[in-house]
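Undergrad:
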Amino acid sequence: MNRVLLAALILGVSIVGLSIGSTVPVVALRLYQAGASNVHIGIMSALPAAGMMLSAFIVERLCKHLSRRHIYLYCFSLSTLSIAALEVLPSSLEILAVARLTMGLAAGTIIILGESWVNEIAMDSYRGRIVAIYTTCFTVFQLLGPAMVSVFGTAGAQVNGVVIAGHFVALAVIWFILPSHMTGPGDSKDKTFSVLGFIQVAPALCMGIIFFSFFDSVILSLFPVYAADHGYTIKLAALMVTVILLGDAMFQFPLGWLSDKVSRPAVYLGCGVLSLVIGMSMSWLMNYPLLIWPCLAVLGAVAGGVYTLAIILIGEKFTGRDLITANASAGLLWGVGSLLGPLVSGVVMTGNANGLPLTLSAAALLFVFFALQLLRKTARVKALL
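Count along the sequence shown starting at 1, add 1117, and that's the number in this note's numbering.
Structure follows, in structure tokens:
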């Protein structure tokens, strides 16, 4: 395994996580303080996700014409400029929109290629642990973003300055360490399906990605509201979200290790079943503080495990250009789930006090159905061998 490349990829995705976790709240809070409408704040907050969705359709073309080193250099340079624009260019919604979309496009490309290459360089016997380390670093650095905002505030350039400094570190590592001839994974192999065709090829993996992005967006945007409606203070409601995210970050490596030792589809299904059970019990658990806190940590762990296992299974099942296409599709589906989560849950919560656990349970149930089909299919294939 190329440890230098792995370290560079982990550094890259960590900086991407930091930039997303930092700039989204900075932009939203600055707009709020400037008196912008909720519509404008919502649009600007969604533009990075829109850019990440667009990256799914350009990443393959980039791989045909550019080396890995050049793609990373261009993407980090674009991201650096887009974040610097938040501080140096005039305050204009049009300029801000272009900057946010550009950052999302660059970040999405880095994430898609990073997940592909991490899976390619990892031997299957420890693929789960390697992918888990990769996803954990992204989550941890994403968590550091809001923490920096709480320390430095939004008035000055300190938060964006730290993020830009991180980009310069990543650019230096890429420039001096990655060889210029290093191409994308499997460049000589033709792909056998399209970005949208992946949905038909691997429906269970697609559902896992949609489920987690749905879950993640709902927890970040609406869980504090749900907890406050059930009698918890705003600070405790925010702390509950932190506990869920910490559960996600802390338990991905153990789940990755487990997936290297036992059936990965079984672990995949198990994470979904636990998510379903906790989701269905949440309205009851909210009445028992001693139970709800550990259950929230477990919920974050198993929901995050669904995404980690989906990426692991993609690396196990696909190679070459198919691997890039599968991860590009994952990026697109992530955006779909992130957009659907708050929309669907918000509508259901309007008419039902327990709308949030109902929508999470429904999403988990749908995922469990597809994961069960994958487990059965895997068992049938093994029986024929």
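All residues carry an ideal CB built from backbone N, CA and C; glycine is no exception.
1) Here's the rule: buried if 16 or more other CB atoms are within 10 angstroms of the residue's CB, otherwise exposed. What is Asn1505?
2) Quick one: what does DSSP say Ala1173 is sitting in, helix, strand or coil?
3) Could you check whether Val1143 and Val1276 sit closer than 8 Å to each other, using their CB atoms as the reference points?
4) Which residues mark the beginning and the end of the alpha helix (DSSP H) in which His1187 is found?
5) Taking C-alpha atoms, which residue in Met1220, Gly1463, Ala1125 and Ile1294 lies nearest to Gly1168?
6) What do you get for Ser1209, buried or exposed, if any count of 16 or more other CB atoms within 10 angstroms of its CB means buried?
7) Sort Thr1495, Tyr1189, Leu1164 and Ile1247 by Cα distance to Val1176 and report the nearest one.
8) Give me, in chain order, the residues of the same chain whose beta-carbon lies closer than 6 Å to that of Ala1366; leave out the 5 immediate sequence neighbours on both sides.
9) Quick check: the Cα distance between Tyr1243 and Ala1427, rounded to an integer number of angstroms?
10) Round the Cβ separation of Asn1236 and Gly1432 to the nearest angstrom and send it over; I've been treating them as touching at under 8 Å.
11) So what does DSSP say about Met1357, is it helix, strand or coil?
12) Quick check: the Cα distance between Gly1245 and Ala1479, rounded to an integer number of angstroms?
13) If you check the beta carbons only, do Val1521 and Cys1388 fall under 8 Å apart?
14) How many Å lie between Ala1287 and Gly1134 at the Cα?
15) Less than 6 Å between C-beta atoms, sequence neighbours within five positions excluded: which residues of the same chain meet that for Ser1446?
16) Measuring only the C-alpha atoms, how far is Pro1459 from Ala1125?
17) Out of Ala1344, Arg1438 and Phe1310, point me to the one whose CA is closest to Lys1181's CA.
18) Taking the straight line between their C-alpha atoms, what separation do you get for Ser1136 and Met1324?
19) If you check the beta carbons only, do Ile1281 and Thr1197 fall under 8 Å apart?
20) Can you tell me the Cβ-Cβ gap for Ser1334 and Ser1139, rounded? I've got them flagged as a contact below 8 Å.
21) Where do the ends of the alpha helix (DSSP H) carrying Asn1471 lie?
22) Taking just the CA atoms, how far does Leu1339 sit from Arg1497?
23) Helix or strand or just coil, what does DSSP make of Phe1435?
24) Do Leu1450 and Ile1327 count as a contact pair if the criterion is CB distance below 8 Å?
25) Taking the beta carbon of Asp1377 as the centre, do at least 16 other beta carbons fall within 10 Å, making it buried, or is it exposed?
26) Taking the alpha-carbon positions, what's the Gly1448 to Ser1330 distance?
27) Which residues in the same chain have their Cβ closer than 7 Å to the Cβ of Asp1241, if we skip the five residues on either side of it in sequence?
28) Is Gly1262 closer than 8 Å to Ile1132 when the C-beta atoms are compared?
29) Answer yes if the segment 1348-1363 comes into contact with the segment 1223-1239, meaning at least three C-beta pairs across the two stretches below 8 Å, and no otherwise.
30) Looking only at its own chain, which residues have a Cβ that is under 6 Å from the Cβ of Met1399, when we skip the five neighbours before and after it?
31) Can Leu1402 and Leu1408 be called in contact, C-beta distance under 8 Å?
32) Excluding the 5 residues flanking Ile1336 on each side, which residues of the same chain have their C-beta closer than 7 Å to its C-beta?
33) Along the alpha helix (DSSP H) that carries Gly1134, what are the first and last residues, could you check?
34) Taking only the alpha-carbon atoms, compute the straight-line gap between Leu1356 and Phe1310 and give it to the nearest angstrom.
TA: From the atom records:
1) Outside the displayed span of the chain (1118 to 1502) sits residue 1505, for which this structure offers no information.
2) Along the sequence shown, read from residue 1 onward, the residue named residue 1173 stands at position 56. Here Ala1173 sits in coil by DSSP.
3) The count along the sequence shown starts at 1 and reaches residue 1276 at position 159. The count along the sequence shown starts at 1 and reaches residue 1143 at position 26. Result yes, Cβ atoms of Val1276 and Val1143 sit closer than 8 Å.
4) To locate residue 1187, count along the sequence shown from 1; it is residue 70. Arg1185 to Val1205 is the extent of the alpha helix (DSSP H) around His1187.
5) The residue given as residue 1168 occupies position 51 in the sequence shown. Ranking the options by Cα distance to Gly1168, first place goes to Met1220.
6) Translated into the one-based positions of the sequence shown, residue 1209 becomes position 92. Ser1209 is exposed by the Cβ-count criterion.
7) In the sequence shown, the residue the question calls residue 1176 occupies position 59. Minimum Cα distance to Val1176 is reached at Tyr1189.
8) Taking the sequence shown and counting its residues from 1, the one referred to as residue 1366 is at position 249. Closer than 6 Å at Cβ, skipping near neighbours: Thr1253, Thr1256 and Val1257.
9) Counted from its first residue, the sequence shown places residue 1243 at position 126. Counted from its first residue, the sequence shown places residue 1427 at position 310. Approximately 15 Å between the Cα atoms of the pair.
10) In the sequence shown, residue 1236 corresponds to position 119, counting from 1. In the sequence shown, residue 1432 corresponds to position 315, counting from 1. About 3 Å; that satisfies the 8 Å criterion.
11) Walking along the sequence shown from the start, residue 1357 turns up at place 240. Here Met1357 sits in helix by DSSP.
12) If you number the sequence shown from 1, residue 1245 lands on position 128. If you number the sequence shown from 1, residue 1479 lands on position 362. The straight-line gap from Cα to Cα measures roughly 27 Å.
13) Outside the modelled stretch of the chain, which goes from 1118 to 1502, sits residue 1521, for which no answer is possible.
14) As a first step, residue 1287 must be located in the sequence shown, where it is residue number 170. As a first step, residue 1134 must be located in the sequence shown, where it is residue number 17. Cα to Cα, the separation comes out at about 13 Å.
15) Your numbering for residue 1446 matches position 329 in the sequence shown. Val1312 and Phe1315.
16) Indexing the sequence shown from 1 puts residue 1459 at position 342. Indexing the sequence shown from 1 puts residue 1125 at position 8. Roughly 34 Å separates the two Cα atoms.
17) One-based indexing of the sequence shown puts residue 1181 at position 64. Of the listed residues, the one whose Cα sits closest to Lys1181 is Arg1438.
18) Residue numbering aside, residue 1136 sits at position 19 when the sequence shown is read from its first letter. Residue numbering aside, residue 1324 sits at position 207 when the sequence shown is read from its first letter. Approximately 27 Å between the Cα atoms of the pair.
19) To locate residue 1281, count along the sequence shown from 1; it is residue 164. To locate residue 1197, count along the sequence shown from 1; it is residue 80. Yes, the pair counts as a contact, with Cβ atoms nearer than the cut-off.
20) Start at 1 with the first residue of the sequence shown, and residue 1334 comes out as number 217. Start at 1 with the first residue of the sequence shown, and residue 1139 comes out as number 22. Actually they do not touch by this definition, with Cβ atoms about 18 Å apart.
21) Within the sequence shown, numbered from 1, the residue matching residue 1471 stands at position 354. It is not in any alpha helix (DSSP H) - Asn1471 carries neither H nor E in the DSSP assignment.
22) Along the sequence shown, one-based indexing puts residue 1497 at 380. Along the sequence shown, one-based indexing puts residue 1339 at 222. Going by the C-alpha atoms only, they are around 41 Å apart.
23) Sequence index remark: in the sequence shown, residue 1435 carries index 318 (1-based). Coil at Phe1435, not helix or strand.
24) Within the sequence shown, numbered from 1, the residue matching residue 1327 stands at position 210. Within the sequence shown, numbered from 1, the residue matching residue 1450 stands at position 333. Taking 8 Å as the Cβ cut-off, Ile1327 and Leu1450 qualify as a contacting pair.
25) Position 260 of the sequence shown, counted from the first residue, corresponds to residue 1377. By the neighbour-count rule (16 or more Cβ atoms within 10 Å), Asp1377 is buried.
26) Position 331 of the sequence shown, counted from the start, is the residue given in the question as residue 1448. Position 213 of the sequence shown, counted from the start, is the residue given in the question as residue 1330. Distance between the alpha carbons of Gly1448 and Ser1330 is about 10 Å.
27) As a first step, residue 1241 must be located in the sequence shown, where it is residue number 124. Counting only Cβ-Cβ distances below 7 Å, and skipping sequence neighbours, we find Glu1433.
28) Locating residue 1132 in the sequence shown gives position 15, where the first residue counts as 1. Locating residue 1262 in the sequence shown gives position 145, where the first residue counts as 1. Their beta carbons are not under 8 Å apart, which means Ile1132 does not touch Gly1262 by this criterion.
29) no
30) For the purposes of this step, residue 1399 is taken as residue 282 along the sequence shown, with counting starting at 1. If we look at Met1399 and ignore the five residues flanking it on each side, its Cβ neighbours are Pro1474.
31) Sequence index remark: in the sequence shown, residue 1402 carries index 285 (1-based). Sequence index remark: in the sequence shown, residue 1408 carries index 291 (1-based). Their beta carbons are under 8 Å apart, which means Leu1402 touches Leu1408 by this criterion.
32) Here residue 1336 refers to the residue found at position 219 of the sequence shown. For Ile1336, where only same-chain residues beyond five positions count, the Cβ hits under 7 Å are Val1358 and Ile1361.
33) Looking up residue 1134 in the sequence shown gives position 17. Element bounds for Gly1134: Arg1120 to Gln1150.
34) Your numbering for residue 1356 matches position 239 in the sequence shown. Your numbering for residue 1310 matches position 193 in the sequence shown. C-alpha separation (whole angstroms): 43 Å.
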